[in-house]
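Residue numbers (the numbering used here): 858 to 1158. Report on the following structure.
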Amino acid sequence: MEENIKINFFKKMWYSIVRPSKYEDLRKQGIGRTIKYFFSLVCILALILASIATFLQLNVVRDAISYLDERLPEIKFKENTLTLENEEAVILDEEKIVSYFGNPIIINPLLEKQEAIDQYKDLAANYKRVIVFLKDEYILITDKYNPQSEDAEGIEEHKYSDVSQNFIKDLKYEYGKQDVLEYLRQRTSFAYYIAQYFVVYFGMIALLYIVYILLTSTGLWGVTKILKNKWTFKESLINTIYASTLSMLVYVAYMIISYFTKFRISIMDIISIALIFVYLYLILLGQKKNKSECIKDNVKN
């Protein structure tokens, strides 16, 4: 019957953070409702992080597309061959481009593959990698390039004929600069990014705290056995899940701050676990106090 007592989600959060004396009521919720509370909290936190990350990413994408619109000359792709309106190489290594694509972009259809490797290998060493678009292929040069290697270590080569057949089916076979920009704009939707970020953050937070909770609750169960406490492993697990609430909120707040600043804490994982232990200590302390009061009441009676 005790497990049928219902406490809404926000009251559970409130009790978990500011009312350690209410943990006895929270334990009565049972393991099923407690796990539901945990994953609901993870969902909310993941959605917050995903929304912020999406907002920041969309700004990066829009800046990059606007920059490309200004800097990119007219290009033409026809019959798996790339040509430029003018015959000058285009080197896009500004921060806006690197932030979006992850590396500088170079367009130089006048060079042969080996010429491009020799000319841009130093740039690849600085940025870890660089993509060079040539006449009939594009190559990825990484900082692991070894000219002495027989198997072209650090070089990836992709023919346009393969790319056009496998990856660019939604673009016209013959296209130019505006087609490229439109292709990028179609992939800047809020839903596209938030779905990706939500999956990443949900998995990250859930996995991280499942590990924390299992390790901590196992340790707590062992300690309560030594102290001759009547908690079962299930009760220890329930207590630990609720005790993790503030730790999760602090961890996510730290991540949000780190998005907008250079503020970093190298021991954040230790702090997160320490917060869980603090709340578990308060629970044990509160239970001991309640037992003492019950003994005093019985003596008086």
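For glycine and all other residues, C-beta sits at the position ideal for the given N, C-alpha and C. Note that the coordinates shown come from a computational prediction; the quantities given were computed from them, not determined experimentally.
Within 10 Å of its beta-carbon, does residue i have 16 or more other beta-carbons around it, so buried, or fewer, so exposed?
i	result
Ala1110	exposed
Ser1074	buried
Val987	buried
Thr1097	buried
Lys935	exposed
Ile1122	exposed
Glu1092	buried
Pro806	Because the chain is modelled from 858 through 1158, residue 806 falls outside the range shown and cannot be assessed.
Tyr1040	exposed
Gly1011	buried
Gln1043	exposed
Lys863	exposed
Thr1089	exposed
Thr891	buried
Phe1120	exposed
Leu1064	exposed
Ser873	buried
Tyr1116	exposed
Closest to residue i by C-alpha separation, out of the options, would be which residue?
i	options	result
Lys970	Thr999, Glu1014, Gly1079	Glu1014
Tyr1108	Ser1129, Arg986, Val1135, Lys869	Ser1129
Glu944	Val918, Lys992, Lys935	Lys992
Pro961	Ile862, Glu951, Phe1134	Glu951
Glu994	Tyr984, Lys985, Tyr1017, Lys978	Tyr1017
Phe866	Leu1137, Thr1102, Phe1134	Thr1102
Gln1035	Glu881, Val918, Leu906, Glu927	Glu927
Ser908	Lys1119, Phe1120, Met1112	Met1112
Pro966	Gly1079, Lys863, Ile932	Ile932
Val1068	Tyr1050, Ile948, Ile1133	Ile1133
Leu1161	Tyr1032, Phe1117, Leu997, Lys879	Residue 1161 lies beyond the range of the chain shown here (858 to 1158); nothing can be said about it.
Tyr1066	Val899, Asp882, Leu980, Ile862	Val899
Glu942	Ile954, Ala910, Lys869, Ile964	Ile964
Leu925	Leu904, Ala903, Phe958, Gln914	Phe958
Val1080	Leu1141, Lys868, Ala921	Leu1141
Going by DSSP, which residues form a beta bridge with residue i?
i	result
Thr1118	The partner list for Thr1118 (beta bridge, DSSP) is empty, contrary to what the question assumes.
Glu1039	Paired residues: none, contrary to the question.
Tyr995	Phe990, His1015
Would DSSP call residue i helix, strand or coil?
i	result
Arg986	strand
Gly959	coil
Leu1028	Any answer about Leu1028 is weak, because its pLDDT of 46 lies below 50 and its placement is not dependable; what the coordinates show is given next. It is coil, neither helix nor strand.
Gly1033	strand
Gln1053	helix
Ser1129	helix
Tyr1066	helix
Arg876	coil
Asn1096	helix
Met870	helix
Arg1044	coil
Trp1088	coil
Tyr1002	coil
Glu855	With the chain covering 858 to 1158 only, the question about residue 855 has no answer from this structure.
Tyr862	Note that residue 862 corresponds to Ile in the displayed sequence, not to Tyr. In this structure, Ile862 counts as coil in the three-state DSSP scheme.
Ser1104	helix
Ser1074	helix
Ile1124	coil
Ile1140	helix
- At which residue ranges does the stretch 907-981 contain complete alpha helix (DSSP H) runs of 4 or more residues, listed in the order of the chain? 952-958
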